[in-house]
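Numbering-wise (this note's numbering), the sequence shown opens with residue 396 and increments by one.
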Amino acid sequence: MLAQIFEATGFSTVLVTNMPYWAEKMGTPRTIGVEFPYGHMLGTPGNREMQMAVIREALSLLEDAQKPGVIRELDIEWPQPFDEAKRDWQPAEPSPIVAMMLEQRRKAAQQAHAGGEAGSTQS
Numbered sequence: 396m397l398a399q400i401f402e403a404t405g406f407s408t409v410l411v412t413n414m415p416y417w418a419e420k421m422g423t424p425r426t427i428g429v430e431f432p433y434g435h436m437l438g439t440p441g442n443r444e445m446q447m448a449v450i451r452e453a454l455s456l457l458e459d460a461q462k463p464g465v466i467r468e469l470d471i472e473w474p475q476p477f478d479e480a481k482r483d484w485q486p487a488e489p490s491p492i493v494a495m496m497l498e499q500r501r502k503a504a505q506q507a508h509a510g511g512e513a514g515s516t517q518s
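#1: Let me check you understand the geometry: is the CB of Ile471 closer than 7 Å to at least one non-hydrogen atom of the ligand ZN?
#2: Around the C-beta of Ser518, are 16 or more other C-beta atoms found within 10 angstroms, so that it is buried, or is it exposed?
#3: According to the neighbour-count rule (16 or more other Cβ atoms, all chains shown, within 10 Å of its Cβ), is Arg482 buried or exposed?
#4: For the candidate residues Gly510, Met445, Ala398, Trp484, whose alpha-carbon lies nearest to that of Gly422?
#5: Tell me the DSSP secondary structure of Ile466 in three-state form.
#6: May I ask which residues mark the beginning and end of the beta strand (DSSP E) holding Leu410?
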């Protein structure tokens, strides 16, 4: 992980993530856990106060952490229900790369299914 490389050269790091469980498994030095939608780790767009609160907590963790592996969960709440927030950050149509990857997965699943059917008829 990049944070570990920076830490090895003497740079202190803090990861702000909505997946602190995985940060712990990966061994990040310091982690701020937020319950925010993907792509909005510092807060809602245009909400300077919320974003600065997350940044202040991250800087505070840098200063306060006495050992590696510290995870601090923030109690800052996202201002809308999870399902609504998830809908809002998902585009109405997938990006071209996501559409291509979905098509590749669909074709691979069809081929696997067709291969399974062919194999089951040969007894």
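Here a beta-carbon is modelled for each residue, glycine too, at the ideal position from N, C-alpha and C.
Values in this document were obtained by computation on a predicted structure and should not be read as measured data.
Straight from the coordinates:
#1: Although the ligand ZN was asked about, the structure shown includes no ligands whatsoever.
#2: Note on Ser518: pLDDT 49, under 50, position unreliable in the model; the coordinate value appears next. Ser518 is exposed by the Cβ-count criterion.
#3: Residue burial is scored here from C-beta neighbours: Arg482 has fewer than 16 other C-beta atoms within 10 angstroms and is therefore classed as exposed.
#4: Of the candidates Gly510, Met445, Ala398, Trp484, the one whose C-alpha sits nearest the C-alpha of Gly422 is Ala398.
#5: Strand at Ile466.
#6: Per DSSP, the continuous beta strand (DSSP E) segment holding Leu410 begins and ends at 410-412.
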